[in-house]
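Read the structure below first, then the notes.
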Amino acid sequence: MQLQGSFSQAEYAGKKKQTRRDRFLAEMEQVVPWARLVERLRPLYPKGERGRPPVGLERMLRIHFLQQWYGLADEAMEDALYDSQALRGFAGIDLTVTAVPEATTILNFRHWLESHELSQALFAEVSAMLEERGLLMRQGTIVDATIIAAPSSTKNKQKARDPEMHQTRKGNQWHFGMKAHIGVDVASGVVHTVVGTAANEADINQMAAVLHGAEEDVFADAGYTGADKRPEHEDRDVCWNIAIKRSIIKALPKGLRDLAEPVERALAQVRAWVEHPFHIVKNLFRHKKLRYRGLAKNTAQLHTLFALANLVIVKKTLLVQSRA
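Whatever position you read off the sequence shown (first residue = 1), add 473 for my numbering.
Structure (structure tokens):
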């Protein structure tokens, strides 16, 4: 997206210090396949044949990604664009030429993505691009799930919590919200499948949904014990690497325990790759609590977040490839 710069943009570009936000946005400018994503969305985007012409598709997509990266609500995103020259520059907005899209416009774009299931399409397009570049091998899968909290307040019009969210117990603590179940490529750490459920859904019940079917090895923690004996996996020819419960290892004789512990430690190092996407989504993108009501809207957002997380995971390789 090329725009002639204004004096304020030239002044900002000439500053001596480059902030972390500037560096991150410059990297995302290079690694996000903008042309490919825009072409995937364009057939369904409003043509503006009646009424006010729509804001450019690429500009709205850039604003939508900024909203996910910085964990901003619609009104907060509008305010941030007015406040930050870095965000305006990334979105291609020059205030001397055009206005910042209103919060309602940002909201409607998100609803448009949700109604046509285009967040899943964006995730699929990013995955296809990574596979073409050899960054998604699909030979082995690590499966895991994380709980994302939902607001428990009943101070709303319905005077009730979100009916599609549920509570579950983890250790000695209760959590209310949903679960994000993911399948991660063991070679690159890239997420290839995302499934959203209520928090009380057992991890093992969604294991078949997050396996793509072509893997040769499956890695999982002790919460998936017995998965290889379930009927949905009886025709699956894979090597199951499921962690042994700690209580079982402790009960082994010392000789056997000394043999089992190094193996379990090595498998745990492989399974640790699955925590990286969760770290990016929850800590880097600040998605520790759900903002919307219902599983459909939140699962759609998770597809966008994990697509962007995949680009962060492999950004060094993509930057090298872009310079070659």
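We put the CB at the ideal spot given by N, CA and C, even for glycine.
Measure from the C-beta of residue i to each C-beta in chain D and report whether the shortest distance is under 8 Å.
i, result
"residue 673", "The structure shown contains no chain D; it is built from a single protein chain."
Considering only the alpha carbon of each residue, which of the options lies closest to residue i?
i, options, result
"residue 748", "543, 495, 656", "656"
"residue 732", "571, 746, 745, 717", "717"
"residue 684", "672, 612, 740", "612"
"residue 559", "709, 752, 493", "493"
"residue 707", "694, 686, 726, 768", "686"
"residue 644", "628, 636, 620", "620"
"residue 565", "787, 528, 545, 586", "528"
"residue 614", "654, 636, 625", "654"
"residue 669", "730, 778, 523", "778"
"residue 757", "738, 782, 770", "782"
"residue 508", "671, 500, 530, 724", "530"
"residue 651", "551, 503, 608, 622", "622"
"residue 795", "562, 500, 640", "500"
"residue 516", "586, 506, 579", "586"
"residue 660", "572, 532, 690, 624", "690"
"residue 639", "579, 631, 624, 630", "624"
"residue 580", "589, 496, 550", "550"
"residue 532", "518, 789, 646, 545", "518"
"residue 772", "759, 744, 787, 637", "637"
Let me know if residue i comes out buried or exposed under the rule of 16 or more other beta-carbons within 10 Å of its beta-carbon.
i, result
"residue 728", "exposed"
"residue 555", "exposed"
"residue 542", "buried"
"residue 774", "buried"
"residue 679", "buried"
"residue 676", "buried"
"residue 537", "buried"
"residue 525", "exposed"
"residue 741", "exposed"
"residue 574", "buried"
"residue 667", "buried"
"residue 688", "buried"
"residue 736", "exposed"
"residue 710", "exposed"
"residue 738", "exposed"
"residue 475", "The pLDDT assigned to residue 475 is 49, lower than 50, so where the model puts this residue is not dependable, and the model offers no usable value."
"residue 600", "buried"
"residue 721", "exposed"
"residue 750", "buried"
"residue 592", "buried"
"residue 700", "buried"
What is the DSSP secondary structure of residue i, reduced to helix, strand or coil?
i, result
"residue 577", "helix"
"residue 429", "This structure gives no information on residue 429, because the portion of the chain shown stretches from 474 to 797."
"residue 758", "coil"
"residue 589", "coil"
"residue 742", "helix"
"residue 790", "helix"
"residue 717", "coil"
"residue 701", "helix"
"residue 711", "coil"
"residue 566", "coil"
"residue 733", "helix"
"residue 797", "coil"
"residue 633", "coil"
"residue 695", "helix"
Residue i lies in the alpha helix (DSSP H); which residues open and close that run?
i, result
"residue 460", "A question about residue 460 goes unanswered here, because the residues of the chain that appear run from 474 up to 797."
"residue 665", "Careful: residue 665 lies outside any alpha helix (DSSP H), inside the beta strand (DSSP E) at 664-671."
"residue 681", "680-683"
"residue 451", "Only positions 474 to 797 of the chain appear in this structure, which leaves residue 451 out of reach."
"residue 706", "Per DSSP, residue 706 belongs to no alpha helix (DSSP H) and is neither H nor E."
"residue 726", "Element bounds for residue 726: n/a, residue is neither H nor E."
"residue 624", "Per DSSP, residue 624 belongs to no alpha helix (DSSP H) and is neither H nor E."
May I ask which residues mark the beginning and end of the beta strand (DSSP E) holding residue i?
i, result
"residue 658", "646-658"
"residue 643", "639-643"
"residue 463", "Any question about residue 463 goes unanswered here, given that the chain covers just 474 to 797."
"residue 676", "Residue 676 -> no beta strand (DSSP E), and no H or E assigned at all."
Taking only runs of the beta strand (DSSP E) that begin and end inside the stretch 491-544, which ones reach a length of at least 3 residues, in chain order?
none
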